[in-house]
Every structure is written in structure tokens, then in C-alpha cells.
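Have a look at the structure below before the remarks.
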Amino acid sequence: MFNHCFSTTNPENRFLSNRLLWITALWCTATLVLVYTRLSSFGFPAHFEVKIQYTSYNPGEQSIDRSPASPQETESYERKEEKPPESPTAELPPTETHDTPESEVKFPSLDTSDSPTIEKNIETKEEETHSEQLLEAVVKSPSLETQDSQTVEQNIERKEEETQLEQLSEAIIESPVLETQDSQPIGQNTEAEPASPFFWNTVSWSELEARAAVTSPSTSCNETQPGELTFMPKSDQSLITWPGPRDGDNTICKFNTIPWSFHLPHMMQSIYGCWSLWEERGGHPVLAGPVDHAGFDKPLKDRFMVGLFQAMVDVFNVTITTVDQLSEAELERAVKPPIWEGDWMWTSFYMRRYVAWKWTEALLRSEQIERKSCNSVVRIGIINREAHYGRSILNAQDIMEQLKRVFGDKVQVNEVYFEDTSFQEQLQWFSSHDIVLTGHGAQETGMPFMPKCGVLLEVFPFNYYIPEYFSALTDSTDVRHYVINNDATHSDPQAATKESSSNPETEGQAKATKLCPATRSTVEYLLTAVRDWDSCCRSLNQR
């Protein structure tokens, strides 16, 4: 029967036989293509897949290095945006059994249970697919190369800034206040301040500030809102030089007859400079001045100058004479302090700080005046001027009353006029006050006799603003110096001063200005001065 079915003599049987062969051939071809496709995608060993990863087989395509270190790999992944293939077992069709006459044709089995090699290849491919997914995610993510790197750099910079600030803060906290008080003003100091004053731990700074904030306006005059409190820093005195070497046994200092040298502060510009010259050169000190000079050789000599000259003779054995009593050789050896010349161009006064303390201390002792500093009560004084002189503080009484209200029994306040006082009286007053408030004027000349940790607040008319003049004198002492423009509505007092000094009439009007700085602001500025004084005293007591 079998032979009959496949007999070629029967046309019908021949047709069926050919048809069956065609179907079998098509089925075998389809199966072969399917198996080859699956094996080429998933079934090859892992080392073959690596070769494909690093080599391009596209016809006409330029060979590209696709190693993980190559930056072109990132572009390849971003351009293709291919999804990683799913597990190969999910795409395999169910195994079918077919009766085939070509029993000698054998194909690799896709059954993982029958082929341990294919199972291993499939597992290897799954691991590689997972690795490719991770690699693709890393390549597409900008965090490692852009966002994270920027964040890390910002964090590093921020950390470095914080470290520098911490080191700076530690250095400021550990460094004591200098005796010369060259540090920045309290408002600009980054040092952590104590909560309470050094001498009065029963009251806090915040409470004192709150009291000052409720200060009532003055009823004595029309107040003007003053400008900001400006600190005048100390200079480097090593930059100032003296002309010529010592020559002979005498050190002759020649009085400088600059304009207005008959006026007390301008006379003292020469005298204070001579102190440093004598101290530096040694030898016998000689002061030589012009004949019949109103400020030097009577008859208009200031009472302060009369007492000072006598004290220099008694204490330091200074010879005071006139130039007509010197020989030509002595006149050639004489040194004239170069006021407003050379290195002194911007130094209206000049005196070494250690010389200022040494000479003033000796003069005070000769007058039996004791200079005490840093008592438990802060001593505030207002040096006022007669109204007809100008630059008088019209609301001085109101300021003193408010200071007593704010500080209570922790402050002593008084007001003084120096118009008719002697040298000894002025020394006594300056040596017994820690903080001085005054309008710009000659009455400031005795400030080198103030105690250590002293503070000066100098008020100016907005159109007669010359803070550099007496700041050159405070620069030669241990006194901290603040200046105040009386009227903040004029933001450029230097320009206003230049304009007012263009002719004598407007300059005279500016000098005659009466001052009425807002009482509240003045009390707050004086509170800043008290904090400076307290900080300096704290440092001195901790040494």
C-alpha cells in the first residue's frame, strides 16, 4: 500500500508526492532561517558578542572605536536610542513536532533543558543585556559629567570658603585688641563681642542699645541728622623719615613759621614734632624760634603755650631761644620739622607714638597729675566752644541728660570751655576723661594727654569738613578718632568745603556754623565709643 501511495506511474499520486515534498522543503527552509536568526542574535558565545560590540560591520561605514573609553560611544547610544532586547526565551515559539521524511536533517535544539551550552549562552546574554542597559543609562545620564561635577565643584568651593571664614574667625577671636587700637571700629569688627560690658555685667549691650533708641529729640535747637560715624585709621609711622643726621652735641629744632603759626594748634605742630626729633637724635634739646613772633616770643602767646614751655624747661632741660642767638653753623645744623612738606605732606602733626606717651607722662608727673585709665565708671566729657566762635554744640545739655538716662551710675558726664584755662587745667581735664565729644577746633590740641583706650568724637559743619587735620594728631597717640558730618543731607562734605573755602566770606560763615546733631544719633555714636573703650580695657586687664 505504501508503494502504491508513492508510485510515480499514477499521475494523481505523483502530484501529491511533489506537493508533499514542496511543503516539506518550505517548512525546513523556514525552520532553518528561524533557528539561524535566533542563534545569531542570542545563541553565540559571549566572546563573539564582544567582537560585534567593538567593530562596525555596516557596509560603507567608517570604522569607529566603540570602546567604553571612547567618547563616540555616547553619541552612538544617543543616536540609535534602541531598546535593549528582552529575554530571548520570551520570543521563542513553542516547540512543535512534525513528521518529516528527511530524518537525516538535524537542527540544533532550542530546548534549554536539552542543551546546556545554549542555556549558558542565554544566561550570558542576559547578563550582557543587563550590563548594556546600565551602560546606556549611565551614558544618557548627565549627572556624572555635568550636573554632579558642577555640584561637586560648587560644594568644594563652598567648603573652601567656609574653611577660610572659620580660620579667619578663629584668628580674630584669638587675637587681643592692640594697645594702640589699630583695629577696625566696632561696627566693622567681625569678632564675636561679649554680651555685657567688662565692668558692668549687670547690664547687657542690647539693653543699653534699647535705651539709646528711645532718646527724645532736643528742644534746645533745630536738630540736624548727622552723617555716619567715620573711623580715622592709624598710619604706618615707619614711613616717616627725618632730614639729616645728628651733628654736634646739640639737637636744634627750628620752629616752623607756617601760616597761622601764632594759633595754638599750628604752634603745636612744630612743638610735637620737635619732641620726636630730640628723642631720636639725642643730645641737648634746643628750640629756636623767630624774633617777635606772636605765637612764639610773646606777647600773644597762648596760656597753654606759656605753661608748656616752662614745663619743657623744667622737666626735659630744653633750651628755648630765638634764631638771632645762634651762630651760622648752628643755624645750618638746625632741623625744621617739614610740616606739609615731603613725607609730611599729609601729616599736619607728627610725633612717634611712644614719644607722645613718654613726654606727656613725664609732664603730667611734673604737675602731680595722675593719668588713670579703665575705671569702673566711664568718663565722658564735652569740650564746647563759645557760641560766637562757632562750632559750638547747642544741645550739649540734652546729650548729657540722655547719657545719664542710658548709662545711669556707670557714667560721669561734664561740659567744659577752654577759652581761659591754663596749661595745667587742660592737662588735668584731658587726663581724667576717657571719651571726648567736641566740635572741630583748637581745644583738641591737648588730646595726647588722654589716658589709654581714649576715644575722640569730632563734629564738623558739612561745609567745613577737614577730618585729616586732627586725625594726624590722634594718629600720634593711643586715642581712637571718629569724625561726624553734622548734616547728612549733604552727601559730599569735601566738595562743599572746597566751595565754601573759595573766598574768605563763605569760609568764615562755614567756620561760624553752630552745631545741633540729632541727640539720639549722638547718644548712639557715644555708645559705640563706650564699646571701643570697654573692648580696649578688657584687653589691657587680660594681659
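Under UniProt numbering, the residues of the sequence shown are numbered 1 to 543, in order.
All residues carry an ideal CB built from backbone N, CA and C; glycine is no exception.
> How do the stretch 319-339 and the stretch 279-289 stand: do at least 3 beta-carbon pairs fall below 8 Å, yes or no?
Replying inline: yes
> Taking the alpha carbon of R531 as the point to measure from, which residue in N503, Q269, I258 and L456 has its own alpha carbon closest?
Replying inline: L456
>> Considering just the uninterrupted stretch of the alpha helix (DSSP H) at P493, what are its terminal residues?
In response: P493 to S500
>> I need the straight-line Cα distance from S539 to V378, nearest angstrom please.
In response: So the two alpha carbons sit approximately 16 Å from each other.
>> Just to confirm the assignment, what range does the beta strand (DSSP E) spanning A288 have?
In response: H284 to G289
> Between P451 and S376, is the Cβ-Cβ spacing less than 8 Å?
Replying inline: No, these two residues do not count as a Cβ contact at 8 Å.
>> Please report the distance separating the alpha-carbon of N395 from that of C516.
In response: 6 Å
> Start and end of the alpha helix (DSSP H) containing Q402?
Replying inline: First-last of the alpha helix (DSSP H) with Q402: A396 to F407.
>> With H, G and I counted as helix, E and B as strand and the rest as coil, what does DSSP make of Y350?
In response: coil
> If we call anything under 8 Å between Cβ atoms a contact, is I382 one with L427?
Replying inline: For I382 and L427, no; Cβs fall outside 8 Å.
> At what residues does the alpha helix (DSSP H) containing F430 begin and finish?
Replying inline: F423 to S431
> Do F460 and P504 have their CB atoms nearer than 8 Å?
Replying inline: no
> Going by C-alpha distance, which of D247, L32 and T474 is nearest F272?
Replying inline: At residue 272 the sequence reads Tyr, which differs from the Phe that was named. The shortest Cα separation from Y272 among D247, L32 and T474 belongs to T474.
>> For V50, count the other beta carbons within 10 Å of its own beta carbon; 16 or more makes it buried, fewer makes it exposed. Which is it?
In response: In this prediction, V50 has a pLDDT of 39, which is less than 50 and means its spatial position is unreliable; nothing more can be read from the coordinates.
> Near M312, what residues of its chain come up, given a Cβ to Cβ distance below 7 Å and the 5 sequence neighbours on each side ignored?
Replying inline: V318
> Okay, do the stretch 191-210 and the stretch 522-531 touch, 3+ Cβ pairs below 8 Å being the bar?
Replying inline: Three or more pairs of CB atoms, one per stretch, sit closer than 8 Å, so the stretch 191-210 contacts the stretch 522-531.
>> Please report the distance separating the alpha-carbon of K410 from that of W200.
In response: 8 Å
> Among T421, G248, V436 and H266, which one has its Cα closest to the Cα of Q412?
Replying inline: V436
> Under three-state DSSP, which class holds H266?
Replying inline: helix
> Does the stretch 244-254 come within contact of the stretch 356-367, defined as at least 3 CB pairs closer than 8 Å?
Replying inline: no
> Residue range of the beta strand (DSSP E) that T528 falls in?
Replying inline: That residue, T528, is in no beta strand (DSSP E); its alpha helix (DSSP H) goes T519 to N541.
>> In this structure, how does DSSP classify N18 when only helix, strand and coil are distinguished?
In response: Correct three-state label for N18: helix.
> Buried or exposed: K234, going by 16 or more other Cβ atoms within 10 Å of its Cβ?
Replying inline: Buried is the call here.
>> Quick check on R480: does DSSP put it in helix, strand or coil?
In response: strand
>> To test your reading of the DSSP string, which unbroken beta strand (DSSP E) runs of 3 or more residues are found completely within the stretch 196-282?
In response: 250-254
> Using DSSP with H/G/I as helix, E/B as strand and the rest coil, what is V377?
Replying inline: For V377, the three-state secondary structure derived from DSSP is coil.
> Based on the DSSP secondary-structure assignment, which residues constitute the bridge partners of G390?
Replying inline: According to DSSP, which records beta bridges pairwise, G390 is partnered with nothing at all.
> What did DSSP end up calling L26 once you bin it into helix, strand or coil?
Replying inline: It is helical.
> Using the beta-carbon count (16 or more within 10 Å), is V214 buried or exposed?
Replying inline: exposed
> Which term fits H388, buried or exposed, when burial requires 16 or more other beta carbons within 10 angstroms of its beta carbon?
Replying inline: exposed
> Between F255 and the rest of its own chain, which residues show a CB-CB distance below 6 Å, the 5 nearest in sequence each way excluded?
Replying inline: Here the set comprises S270, G289 and F296.
>> If I measure Cβ to Cβ from D398 and keep anything under 7 Å in the same chain, skipping five residues before and after, which residues do I get?
In response: S218, S220 and T519
>> Quick check: the Cα distance between P93 and L20, rounded to an integer number of angstroms?
In response: Because the pLDDT at P93 is just 42, under 50, the model does not fix this residue reliably, and the point stays unresolved.
>> Helix, strand or coil for E193? Go by DSSP, reduced to three states.
In response: coil
> For Y469, does the three-state DSSP call read helix, strand or coil?
Replying inline: helix
> Residue range of the alpha helix (DSSP H) that F309 falls in?
Replying inline: R303 to F316
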